[in-house]
Amino acid sequence: MVALIGIDCATQPNKVGLALGELDGGLVRIKACRTASPKERPETIVAAWLQESGRALLALDAPLGWPVALQQALAGHQAGEAMAASAHALFRRQTDDDIHTRFRKRPLEVGANFISRTAVAALELLQKLRNSTGTAIPLAWSPMDVNPIAAIEVYPAATRLAHRSPGKG
Numbered sequence: 008m009v010a011l012i013g014i015d016c017a018t019q020p021n022k023v024g025l026a027l028g029e030l031d032g033g034l035v036r037i038k039a040c041r042t043a044s045p046k047e048r049p050e051t052i053v054a055a056w057l058q059e060s061g062r063a064l065l066a067l068d069a070p071l072g073w074p075v076a077l078q079q080a081l082a083g084h085q086a087g088e089a090m091a092a093s094a095h096a097l098f099r100r101q102t103d104d105d106i107h108t109r110f111r112k113r114p115l116e117v118g119a120n121f122i123s124r125t126a127v128a129a130l131e132l133l134q135k136l137r138n139s140t141g142t143a144i145p146l147a148w149s150p151m152d153v154n155p156i157a158a159i160e161v162y163p164a165a166t167r168l169a170h171r172s173p174g175k176g
């Protein structure tokens with residue numbers, strides 16, 4: 008059995024939503040849902056859940072990477088110079104374009120104001136979990152990569168569409 012820990016990422020602890028489920032075959036049993044707080048920080052709650060489980064998949068609703076063109080352009084950029092790529096290439100990831108092509112839904116661009124702050128907060132949360140558990144938490148690139156803990160980026164609207172689930176509600 009694998010623990011499935013959903014994290015609705017945010018920049019403030021009291022706005023981080025957390026869900027703990029058990030993934031058993033094709034079914035998920037929800038065991039707990041809650042928000043964090045400044046006193047009960049997300050990393051503390053998730054670390055306790057991780058301690059209880061042998062294997063776990065962290066599903067973070069936040070971008071976990073940046074567009075390749077942005078990484079390349081910023082490495083040698085000097086203030087006042089033109090960027091070496093188009094704005095589209097700088098702020099949209101291949102993942103974002105793929106989601107749009109497949110589901111006609113466009114995720115927020117990772118370079119946008121608030122989503123970029125949430126991305127940084129999500130990456131900090133992952134590092135705090137690595138530090139507190141003493142366990143590497145790599146990104147899972149296939150379903151078999153969960154050994155013992157892995158993380159994935161999720162976009163709930165696309166997941167809902169992929170599973171043909173009904174709309175909001």
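The numbering of the sequence shown is the numbering used here, which starts it at 8 and goes up by one.
We put the beta carbon where it would ideally sit given N, CA and C, even for glycine.
Because the structure is a prediction, the values reported are computed rather than measured.
Within 8 Å, strictly: CB atoms of residue i and residue j
i	j	result
Ala91	Pro74	no
Gly13	Ala54	no
Leu146	Ile156	no
Leu11	Gly24	no
Ile122	Tyr162	no
Leu50	Leu132	Reading the sequence as shown, one finds Glu at residue 50 and not Leu. Yes, these two residues count as a Cβ contact at 8 Å.
Asn154	Arg62	yes
Pro20	Arg41	no
Leu64	Phe98	no
Leu57	Thr108	no
Residue i, buried or exposed, once every other Cβ within 10 Å from all chains shown has been counted against 16
i	result
Ile3	There is no way to answer for residue 3, as the model of the chain reaches only from 8 to 176.
Pro182	Coverage of the chain is limited to positions 8 through 176, which leaves residue 182 absent and any answer about it impossible.
Ala129	buried
Pro173	exposed
Residue span of the beta strand (DSSP E) that contains residue i, given as start and end
i	result
Asp31	24 to 31
Limits of the unbroken alpha helix (DSSP H) element including residue i
i	result
Arg109	101 to 110
His170	Per DSSP, His170 belongs to no alpha helix (DSSP H) and is neither H nor E.
Leu97	94 to 98
Cβ separation of residue i and residue j, assumed to be a contact under 8 Å, to the nearest whole Å
i	j	result
Val117	Arg100	6 Å
Cys16	Thr125	5 Å
Leu30	Val9	4 Å
Arg111	Asp103	Contact doesn't hold; Cβ gap of about 13 Å is too wide.
List in chain order: all unbroken alpha helix (DSSP H) runs of 4+ residues lying wholly within the region 127 to 167.
-> Taking only runs of at least 4 residues, no alpha helix (DSSP H) segment lies wholly in the region 127 to 167.
For the region 16 to 87, which segments carrying the beta strand (DSSP E) assignment without a break, of at least 3 residues, lie completely within its bounds, in sequence order?
-> Counting only runs of 3 or more, we get 24 to 31, 34 to 42, 63 to 67.
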